[in-house]
Amino acid sequence: MEDPCETLGNGEAANHSLQIIRYQPYTKLLLSPWFSLRVFYVRISNFRADDSTPEFLTLNHIPSSPDTLLEVNGARSCSYSDGASSLLRRDRVDKKSDEATFVSTDSVKLTRSMKFEVFDKDVLILSGVLEMSNSNGFTGESKNSTKRWSMNCESVINAGTGFLKGKHLDGPEFPTPTIEVYVAGSFSGTPIILTKTLQLSFRKK
Numbered sequence: 045m046e047d048p049c050e051t052l053g054n055g056e057a058a059n060h061s062l063q064i065i066r067y068q069p070y071t072k073l074l075l076s077p078w079f080s081l082r083v084f085y086v087r088i089s090n091f092r093a094d095d096s097t098p099e100f101l102t103l104n105h106i107p108s109s110p111d112t113l114l115e116v117n118g119a120r121s122c123s124y125s126d127g128a129s130s131l132l133r134r135d136r137v138d139k140k141s142d143e144a145t146f147v148s149t150d151s152v153k154l155t156r157s158m159k160f161e162v163f164d165k166d167v168l169i170l171s172g173v174l175e176m177s178n179s180n181g182f183t184g185e186s187k188n189s190t191k192r193w194s195m196n197c198e199s200v201i202n203a204g205t206g207f208l209k210g211k212h213l214d215g216p217e218f219p220t221p222t223i224e225v226y227v228a229g230s231f232s233g234t235p236i237i238l239t240k241t242l243q244l245s246f247r248k249k
């Protein structure tokens with residue numbers, strides 16, 4: 045019996061009633077340059093940092109749209125709605141300067157924009173977005189404009205909640221706790237450093 049999928053030496057189907065369809069990859073997405081993140085750290089200052097400060101925080105990476113490709117340590121995220129996670133490990137607790145630093149050096153690569161969230165267990169600390177835009181300020185792609193990356197984020201917890209509860213410094217001379225978010229990487233061979241400082245407020249009674 046003749047195999048309907050048999051092909052001739054030139055790659056054509058032996059059964060001419062069949063048609064071979066060759067699918068082309070989505071080259072537009074694959075050719076988009078990557079934004080490679082090398083360092084992501086969160087520094088929390090102006091609170092009583094001690095050994096009870098969490099050993100790590102969870103960092104969630106969430107693509108902003110189906111067009112965003114995301115890789116974490118070489119593993120590509122299959123669903124833009126789920127994203128991927130990595131750990132921000134407690135790198136340093138400085139009791140003298142009243143601050144703690146959490147760092148991730150996981151390799152994170154993305155095209156276009158990405159949301160991110162920082163959790164202490166199930167408590168959301170902050171959320172933000174890494175966004176690619178053109179030099180004219182509009183998002184998307186344009187052949188005659190320069191791509192720029194920006195970061196916006198906001199704190200979710202207050203100074204007296206979560207692991208900061210009961211850790212604020214007493215006295216009007218002490219500033220309120222702050223969170224500094226720092227991202228370092230490269231895009232199309234150009235180094236990129238993005239920072240944002242958030243000042244926490246105390247929850248009103």
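Residues 45 to 249, numbered by our numbering, are exactly what the sequence shown covers, in order.
Where is the CB? At the ideal position from N, CA and C, for every residue including glycine.
Owing to the predicted nature of the structure, the values given are computational and were not obtained by experimental measurement.
Task: At least three beta-carbon pairs within less than 8 Å, the segment 125-132 to the segment 164-172 - done: Here the segment 125-132 does not lie against the segment 164-172, with fewer than 3 beta-carbon pairs under 8 Å apart.
Task: Local conformation of L208 per DSSP, three classes - done: Position 164 of the sequence shown, counted from the start, is the residue given in the question as residue 208. Secondary structure of L208 (DSSP, three-state): helix.
TODO: Could you tell me the boundaries of the beta strand (DSSP E) in which E99 lies?
DONE: Within the sequence shown, residue 99 is the residue found at index 55, counting from 1. Looking at the DSSP string, E99 is not in any beta strand (DSSP E), and its letter there is neither H nor E.
Open item on the list: Tell me the rounded alpha-carbon separation between N117 and G229.
Closed with: Taking the sequence shown and counting its residues from 1, one reaches residue 117 at position 73. Taking the sequence shown and counting its residues from 1, one reaches residue 229 at position 185. Between N117 and G229, the C-alpha separation is close to 14 Å.
Open item on the list: According to DSSP, is S129 part of a helix, a strand, or is it coil?
Closed with: On the sequence shown, position 85 is the one that residue 129 refers to. S129: strand per DSSP, three-state reduction.
Open item on the list: Check whether the segment 130-148 and the segment 78-90 touch, using three or more Cβ-Cβ pairs below 8 Å as the test.
Closed with: Because the criterion of three Cβ pairs below 8 Å is met, the segment 130-148 and the segment 78-90 touch.
Open item on the list: Looking at S199: is its Cβ nearer than 9 Å to the Cβ of L242?
Closed with: Working through the sequence shown from its first residue, we reach residue 199 at position 155. Working through the sequence shown from its first residue, we reach residue 242 at position 198. Taking 9 Å as the cut-off, the Cβ atoms of S199 and L242 count as close.
Open item on the list: Using only CA atoms, which one of S151, L208, S129 and L154 lies nearest to T222?
Closed with: The residue labelled residue 222 in the question sits at position 178 within the sequence shown. For the residues S151, L208, S129 and L154, the minimum Cα distance to T222 belongs to L208.
Task: Boundaries of the beta strand (DSSP E) in which D164 is found, first to last residue - done: Walking along the sequence shown from the start, residue 164 turns up at place 120. Under the DSSP assignment, D164 falls in the beta strand (DSSP E) whose first and last residues are M158 to D164.
TODO: Determine the direct distance from the alpha carbon of L101 to that of M176, and round the result to whole angstroms.
DONE: On the sequence shown, position 132 is the one that residue 176 refers to. On the sequence shown, position 57 is the one that residue 101 refers to. Going by the C-alpha atoms only, they are around 26 Å apart.
TODO: Using the DSSP secondary-structure output, state which residues sit across from T316 in a beta bridge.
DONE: Residue 316 cannot be examined here, being either before or after the span of the chain that is shown, 45 to 249.
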